[in-house]
Amino acid sequence: MLLGGCEGSQSALQPAGGAARDIALLWWWMLGTSTVILLAVVGLWLYAQFRHQDDSSGQAGPQNIADFDRITGRRWLIGGGLVLPTVAIVVLLAFGIPIGHRMLPLPLDEAPLRIEVTGHQWWWEVHYPEQGITTANQIHMPAGRPVDFHLTSNDVIHAFWVPQLGGKLDMIPGRINVLRLQADAPGRFRGQCAEFCGLQHARMRIKVEALPEEAFNQWVAARQADEARSVRDPDSPSAQVFDSHCSQCHSVAGEPTPGGPDLRHLHSRALLGAGTLRHDRDGLQRWLRDHQQLKPGNRMPSHDQLDDDTLSALADWLGRQQ
Ligand code: CUA
């Protein structure tokens, strides 16, 4: 593509749903219109440069030239300074306002799936109220039907944005904004917090996976099974480490966790630290040991007082599918 860097799973120019397609169409129209206007202005400017030389060798007297300039000057002012911008703005508004409205939730025959997403510094809490699932930093949704995202924040203003599916919407503390999105076909998309929210704003990514209906139902069943399981190996030494170092903020047993992500589904997450690094055994150990170097300023205290063996055992205990 001509514009390098505009492709990929986080590109608004590769729409994968209706809302994103509208936005991409508007974007292309705006780019086209602006390009035509830019070329016209440059053309006129070049014309003005050369016209002066031609006129100086012509037959017309100075008075005639002054009259001519005044009349054409006025036409240009009214045409180019008033009519053209008014028409351009009216056309773009007429085109853009309905697109904005289409993104708002509209009544449907069938209630869409509801997913509640809460922004935290610097991660995403993802809750499926009807299915009773709470996970983090990844969203699984069914493809081919609308999903209502109920968006809010736990601390500062964040913004939820999955460019291939639709526009961004602010997540405001104490308020719920609803964004209806639909993925046309199964696929993987990437989202990013789109409102500066502090030190690690850039490392606040979200992974979105649209699944065929049946695969989505299987995913729901697997997560519900995770939630139903009891605490993993409560007698393991790692359970005690977890209790004394992690349990103020994280849960492995379903208690509310005001601080960090719920870790019952950790084994099912592809990335750690809201997209900071890949989740495998080494990744989890590195994260536990070096998270303050990998994502400086994150809210988790450093684990300097824990030695490598303890952290490695903790990583095994946490990463296990119970
Ligand atoms: Cu959250 Cu930027």
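Numbering (this note's numbering), first residue to last: 1335 to 1656. Beta carbons are placed, not taken as given, at the ideal position from N, Cα and C, and that holds for glycine.
Per DSSP, the bridge partner or partners of G1453: Counting from one through the sequence shown, the residue named residue 1453 turns up at place 119. Note: G1453 sits in a beta bridge opposite W1458 and S1487.
Every unbroken beta strand (DSSP E) inside the region 1483 to 1569 [3 residues or more]: 1492 to 1494, 1503 to 1505, 1511 to 1515, 1521 to 1526 and 1539 to 1545
Residues passing the C-beta test against ligand 1 heavy atoms, cut-off 6 Å: G1453, W1456, H1492, C1527, E1529, F1530, C1531, H1535 and M1538
Identified DSSP bridge partners for L1605: Residue numbering aside, residue 1605 sits at position 271 when the sequence shown is read from its first letter. BP columns for L1605 point to R1612.
Straight-line Cα distance separating H1579 from Q1558: Translated into the one-based positions of the sequence shown, residue 1558 becomes position 224. Translated into the one-based positions of the sequence shown, residue 1579 becomes position 245. So the alpha carbons of these two residues sit roughly 27 Å apart.
Contact belief for G1466 with E1561 at Cβ below 8 Å, rounded distance in angstroms: The residue labelled residue 1466 in the question sits at position 132 within the sequence shown. The residue labelled residue 1561 in the question sits at position 227 within the sequence shown. Rounded, the Cβ-Cβ distance is 7 Å, consistent with contact.
Distance, Q1639 Cα to E1464 Cα: For the purposes of this step, residue 1464 is taken as residue 130 along the sequence shown, with counting starting at 1. For the purposes of this step, residue 1639 is taken as residue 305 along the sequence shown, with counting starting at 1. Each residue's Cα considered, the two are about 41 Å apart.
Cβ pair I1433, I1357 closer than 8 Å: Within the sequence shown, numbered from 1, the residue matching residue 1433 stands at position 99. Within the sequence shown, numbered from 1, the residue matching residue 1357 stands at position 23. For I1433 and I1357, yes; Cβs fall inside 8 Å.
Below-8 Å beta-carbon distance, F1429 vs any chain D residue: You won't find chain D in this structure, because it holds only one protein chain.
Nearest residue (CA-CA) to A1414, options L1648, L1372, Y1462 and A1519: Against the sequence shown, residue 1414 aligns to sequence position 80. Reading the sequence as shown, one finds Gly at residue 1414 and not Ala. Answer by Cα proximity: L1372.
Proximity below 8 Å, CB of G1594 to CB of L1618: In the sequence shown, the residue the question calls residue 1594 occupies position 260. In the sequence shown, the residue the question calls residue 1618 occupies position 284. No, they are not a contact pair.
Range of the contiguous beta strand (DSSP E) that encloses P1476: Position 142 of the sequence shown, counted from the first residue, corresponds to residue 1476. It spans Q1472 to P1476 - the beta strand (DSSP E) in which P1476 sits, taken as one unbroken run.
Top-ranked residue by Cα proximity to P1592, from P1480, T1369 and Q1582: In the sequence shown, counting from the first residue as 1, residue 1592 sits at position 258. Ranking the options by Cα distance to P1592, first place goes to Q1582.
Range of the contiguous alpha helix (DSSP H) that encloses S1641: Here residue 1641 is taken as the residue at index 307 of the sequence shown, counted from 1. Rather than Ser, the amino acid found at residue 1641 in this sequence is Asp. Premise fails: D1641 is in no alpha helix (DSSP H) and is neither H nor E.
Supposed close pair F1429, L1533 - CB separation, criterion 8 Å: Residue 1429 sits at position 95 when you count from the first residue of the sequence shown. Residue 1533 sits at position 199 when you count from the first residue of the sequence shown. The C-beta separation of F1429 from L1533 comes to about 38 Å, leaving the pair out of contact by the 8 Å criterion.
Proximity to A1536 [Cα-Cα], best of L1600, R1355, G1525 and N1551: Numbered from 1 along the sequence shown, position 202 holds the residue referred to as residue 1536. Closest by alpha carbon: G1525.
Neighbour-count burial assignment, P1635, 16 or more Cβ in a 10 Å radius: As a position in the sequence shown, residue 1635 is number 301, starting the count at 1. Counting other Cβ atoms within 10 Å of its Cβ, P1635 stays below 16 and is therefore classed as exposed.
Buried or exposed by the 16-neighbour rule on C-beta atoms within 10 Å, applied to T1420: Translated into the one-based positions of the sequence shown, residue 1420 becomes position 86. Flag for T1420 reads exposed.
Beta-carbon proximity list for L1645, same chain, < 7 Å, skipping 5 on both sides: Reading the sequence shown from its first residue, position 311 is the one you call residue 1645. Once the five neighbours on either side are set aside, the close Cβ partners of L1645 are Q1619, L1622, R1623 and H1637.
Collapsed DSSP secondary structure at R1633 in the structure displayed: Reading the sequence shown from its first residue, position 299 is the one you call residue 1633. In the structure shown, R1633 sits in coil (DSSP, three-state: anything other than H, G, I, E or B).
R1355 to G1342 span [Cα, whole Å]: One-based indexing of the sequence shown puts residue 1355 at position 21. One-based indexing of the sequence shown puts residue 1342 at position 8. For R1355 and G1342, the distance between alpha carbons rounds to 15 Å.
K1502 versus A1528: straight-line alpha-carbon distance, rounded: As a first step, residue 1502 is located in the sequence shown; it is residue number 168 there, counting from the start. As a first step, residue 1528 is located in the sequence shown; it is residue number 194 there, counting from the start. Approximately 7 Å, taken between the alpha carbons.
Neighbour-count burial assignment, D1596, 16 or more Cβ in a 10 Å radius: As a working note, residue 1596 is residue 262 in the sequence shown. Under this definition D1596 is a buried residue.
Rounded C-alpha distance that separates L1485 from C1531: For this step, residue 1485 is matched to residue 151 along the sequence shown. For this step, residue 1531 is matched to residue 197 along the sequence shown. Pairing L1485 with C1531, the inter-Cα distance amounts to about 15 Å.
Pick from W1495, D1577, A1556 and G1521 that is closest to L1294, judged by C-alpha positions: Look at the range of the chain in this structure, 1335 to 1656, and you will see that residue 1294 is not part of it.
Among R1385, N1551, A1374 and A1346, nearest to P1476 - alpha-carbon criterion: Stepping through the sequence shown from its first residue, residue 1476 is reached at position 142. Measuring from the Cα of P1476, the nearest candidate turns out to be N1551.
Residue(s) in a DSSP beta bridge with L1347: Within the sequence shown, residue 1347 is the residue found at index 13, counting from 1. Paired residue(s): none; L1347 is not in a bridge.
Residue environment, V1370, which counts as buried when at least 16 other CB atoms sit within 10 Å: Walking along the sequence shown from the start, residue 1370 turns up at place 36. That one is exposed.
Nonlocal neighbours in the same chain, by C-beta distance under 7 Å from P1568, ignoring five residues either side: The residue given as residue 1568 occupies position 234 in the sequence shown. So no residue of the chain qualifies.
Close Cβ partners of R1615 (< 8 Å) along its chain, the five nearest in sequence each way excluded: Your numbering for residue 1615 matches position 281 in the sequence shown. If you ignore the 5 residues before and after R1615, its C-beta comes within less than 8 Å of the C-beta of A1649, D1650 and G1653, all in its own chain and listed in chain order.
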